[in-house]
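The block underneath contains the structure these notes are about, expressed in structure tokens.
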Amino acid sequence: MIVTPKEIMFIITDKRFTTLGNQIFEFMSGLYPNLTTTDIEVIPTDLTEDNVFGWTLENNDQNEIEIHDTLTDKDFITTLIHELIHVDQNVRGLFDDEQRETEAYGLETTLTNQFLKCY
Numbered sequence: 000m001i002v003t004p005k006e007i008m009f010i011i012t013d014k015r016f017t018t019l020g021n022q023i024f025e026f027m028s029g030l031y032p033n034l035t036t037t038d039i040e041v042i043p044t045d046l047t048e049d050n051v052f053g054w055t056l057e058n059n060d061q062n063e064i065e066i067h068d069t070l071t072d073k074d075f076i077t078t079l080i081h082e083l084i085h086v087d088q089n090v091r092g093l094f095d096d097e098q099r100e101t102e103a104y105g106l107e108t109t110l111t112n113q114f115l116k117c118y
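First residue of the sequence shown? That's 0 in numbering that gives the first Met the number 0, and the numbers climb one at a time after it.
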């Protein structure tokens, strides 16, 4: 019996963000190879009442990112980068909230600026 590696999925459920989201995923997976080991679904949705731009939910080896659906392109980039850092943390097993947010907030601006220079 031949066992083939599982094909990892990165899906964005809103066509408006598909190209940009895929570019961000490509950029981030070059820096965070763990992103290529788990399924990731990005769901743009109205998060106004939650007073957040985005969050990440982990379910087994799948990660769901909900991201506010009316962000500017730059805020979308920064938020998706932030949430993809959380996906990497999930894969690494880092679950301390303070460490997670310190790392994600500490890197999001630098990585956003690097992404904008590349794309």
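Don't be surprised by glycine CBs; every beta carbon is placed ideally from N, CA and C.
Residue i Cβ short of 7 Å to the ligand FMN heavy atom set
| i | result |
| --- | --- |
| T12 | Of the ligands one can find in the structure shown there are none, so the ligand FMN has no counterpart to examine. |
Buried versus exposed call for residue i [16 or more other C-beta atoms within 10 Å across all chains shown]
| i | result |
| --- | --- |
| M27 | buried |
| T62 | As written in the sequence, residue 62 is Asn, which differs from the Thr given in the question. So N62 ends up on the buried side. |
| E65 | buried |
| T111 | buried |
| E107 | buried |
| Q88 | buried |
Per DSSP, the bridge partner or partners of residue i
| i | result |
| --- | --- |
| E65 | I42, W54 |
| I11 | V41 |
For residue j and residue i, the rounded distance between their alpha carbons
| i | j | result |
| --- | --- | --- |
| D60 | W54 | 16 Å |
| I76 | H67 | 12 Å |
| L70 | F52 | 8 Å |
| L79 | I23 | 8 Å |
| E40 | H81 | 15 Å |
| M8 | T36 | 9 Å |
Beta-carbon proximity check, residue i vs residue j, cutoff 8 Å
| i | j | result |
| --- | --- | --- |
| P43 | D13 | yes |
| I84 | E57 | no |
Whole-angstrom C-beta distance between residue j and residue i, which should lie under 8 Å
| i | j | result |
| --- | --- | --- |
| V86 | L30 | Going by Cβ atoms, the distance from V86 to L30 rounds to 12 Å, so no, they are not a contact pair. |
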